[in-house]
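Numbering (this note's numbering), first residue to last: 29 to 248.
Note that CB positions come from ideal geometry on N, CA and C, so glycine has one too.
Heads up, the thing below is written out as structure tokens.
See the structure below:
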């Protein structure tokens, strides 16, 4: 009976933790509303094509694509969509996303640069991390009491992936390691970063750097 009680208590604890994390994720996704409805094109895995209104939620774990087809809402994901694209009317820039395996799982990632030997993809990622804080509190009676609190925090970042078309390797890159992949032109690229004042904090700056590397390779 005692063992059964302990098993139920442990199960209840893990269910509570899972429920709390799920509620936080749902809350975050509601707070970060999906992109507005835009006119786009979708190619499904079965070969079917759709042209019309779509809405892409970048902050869902793998990305969620909503499609308005004949006033019927279709929710698509990385397993039934190959690629989709749309025009951003705010800056007249076309965005092209692919369902691609960049790490362990397939995700929707935007093709930022399509070169002769290199591809650059980017995607938003949200991590929900449980954090525990401990310390010692002083009571009114002067006694020291240890305490422990826990909660879930959200960390959001934009991740970049470099694909070498010759070796078919995929590498996650950032401003700290990207030059390691361009070691044969590192000196020239450091000068380029300095002259252009590139901070490597936006997709545009990464695109310029990768493009410059391919230019240097062609004119060696």
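Provide the residue span of the alpha helix (DSSP H) that contains residue i, from first to last.
i: residue 245; result: 231-246
Could you tell me if residue i is buried or exposed, where buried requires 16 or more neighbouring beta carbons within 10 angstroms of its beta carbon?
i: residue 196; result: exposed
i: residue 214; result: exposed
i: residue 75; result: exposed
i: residue 138; result: buried
i: residue 103; result: exposed
i: residue 183; result: exposed
Measuring CB to CB, does residue i end up less than 7 Å from residue j?
i: residue 145; j: residue 193; result: yes
i: residue 122; j: residue 135; result: no
i: residue 200; j: residue 189; result: yes
i: residue 68; j: residue 113; result: yes
i: residue 85; j: residue 92; result: yes
i: residue 87; j: residue 154; result: yes
i: residue 108; j: residue 73; result: yes
i: residue 226; j: residue 233; result: yes
Considering just the uninterrupted stretch of the beta strand (DSSP E) at residue i, what are its terminal residues?
i: residue 223; result: That residue, residue 223, is in no beta strand (DSSP E); its alpha helix (DSSP H) goes 214-224.
i: residue 107; result: Here residue 107 belongs to no beta strand (DSSP E), and DSSP marks it neither H nor E.
i: residue 127; result: 121-129
i: residue 93; result: 92-97
i: residue 77; result: 77-85
i: residue 137; result: 134-142
i: residue 200; result: 197-201
Quick one: residues in its chain with C-beta nearer than 7 Å to the C-beta of residue i, no 5 flanking neighbours on either side, listed in chain order?
i: residue 97; result: 78, 80
i: residue 217; result: 207, 210, 237, 240, 241
i: residue 235; result: 140, 141, 148
Shortest alpha-carbon distance to residue i belongs to which of the options?
i: residue 124; options: 103, 222, 71, 131; result: 71
i: residue 117; options: 66, 99, 132, 231; result: 66
i: residue 126; options: 115, 120, 111, 89; result: 111
Just to confirm my understanding: we take residue i, look at its own chain, exclude 5 residues before and 5 after, and list those with CB closer than 8 Å. What are they?
i: residue 229; result: 203
i: residue 221; result: 228, 237
i: residue 224; result: 236
Flag residue i as yes if its beta-carbon sits less than 7 Å from any beta-carbon of chain B, otherwise no.
i: residue 181; result: No chain B appears in the structure shown, which is made up of a single protein chain.
Apart from the five residues on each side of it in sequence, which residues of its chain come closer than 6 Å, Cβ to Cβ, to residue i?
i: residue 191; result: 147, 198
i: residue 247; result: none
I'd like to confirm something about residue i: is its beta-carbon nearer than 6 Å to some heavy atom of the ligand ATP, or not?
i: residue 120; result: Summarising the ligand content, the structure contains no ligands, and the ligand ATP is consequently not present.
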